[in-house]
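Okay, so the sequence shown: first residue is 33 according to the numbering used here, each after it adds one. Even glycine gets a Cβ: it sits at the ideal position worked out from N, Cα and C.
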Amino acid sequence: MPPDSLVIQTHTPNVLRDLALLIELNKKCKLSIQITAESDKENDELQYYQTKERLRHMYSIESRLNALKRIKEAGLFSVGVVSPLMPLNDPSQFASKLDKTSNFVILDHYLLGDGSGGFRTKSRNYFSEPLPSILLNNNQDEWNSLDKFNEIVAVFRKVLGPNKLG
33 MPPDSLVIQT
43 HTPNVLRDLA
53 LLIELNKKCK
63 LSIQITAESD
73 KENDELQYYQ
83 TKERLRHMYS
93 IESRLNALKR
103 IKEAGLFSVG
113 VVSPLMPLND
123 PSQFASKLDK
133 TSNFVILDHY
143 LLGDGSGGFR
153 TKSRNYFSEP
163 LPSILLNNNQ
173 DEWNSLDKFN
183 EIVAVFRKVL
193 GPNKLG
């Protein structure tokens with residue numbers, strides 16, 4: 033017997049491989065599919081970040097947004113997750129793209145995160161060096177603050193409205 037609700041969280045568009053199965057599952061439980069898109073910057077821009085190893089996405093942001101759109105069009109509940117929030121070229125435009133592709137958007141800063149106080153993001157487990165150092169060393173230190181996060185929240189609320197952002 034399926035659960036009352038099920039959340040699938042991924043960083044990839046590969047969830048589309050099982051779209052037909054997910055549509056069937058959605059008939060039996062409340063299904064939410066969440067895809068992470070940390071930034072609007074694609075790999076061609078990230079290559080200029082000075083890091084010990086090349087900073088890059090495994091899957092393009094565009095492919096993830098397209099997956100969210102297809103999920104939404106299939107009648108499933110799609111959630112765009114901006115986590116951890118990375119520098120954005122155009123916060124308003126990125127929020128607009130998420131608005132078109134997602135039923136809901138979650139915006140998260142590594143300082144708030146999963147309750148670890150940013151420990152995971154500050155560690156070397158996910159990046160070649162701690163994320164705060166990457167941002168600092170690339171003249172992006174303002175993105176290490178909750179002030180910048182709150183600024184982005186305000187932009188996203190303006191675009192998405194108060195009921196579509198968490």
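Q | Residues bridged to S64 [DSSP beta-bridge criterion] | A | V39, F109
**Q.** Own chain partners of E74 with C-beta closer than 8 angstroms, once the 5 adjacent residues on each side are dropped
**A.** H89, S92, I93, E94
Q. For the beta strand (DSSP E) that L139 lies in, which residues bound it at each end?
A. 136-139
Q. Measuring CB to CB, does A127 end up less than 9 angstroms from F188?
A. yes
**Q.** Closest residue to P123 among L53, E56, V185 (Cα-Cα distance)
**A.** V185
Q: Within 10 angstroms of the Cβ of E70, are there 16 or more other Cβ atoms? Answer buried if so, exposed if not.
A: buried
Q | Residues that DSSP places opposite L117 in a beta bridge | A | Answer by DSSP bridge pairing: none, since L117 is not bridged.
Q: Using three-state DSSP, classify L197 as helix, strand or coil.
A: strand
Q) Going by the beta-carbon positions, is the gap between N98 and T42 smaller than 9 angstroms? A) no
Q: Say whether the stretch 47-64 touches the stretch 104-123, bearing in mind that this needs 3 or more beta-carbon pairs closer than 8 angstroms, one atom from each stretch.
A: yes
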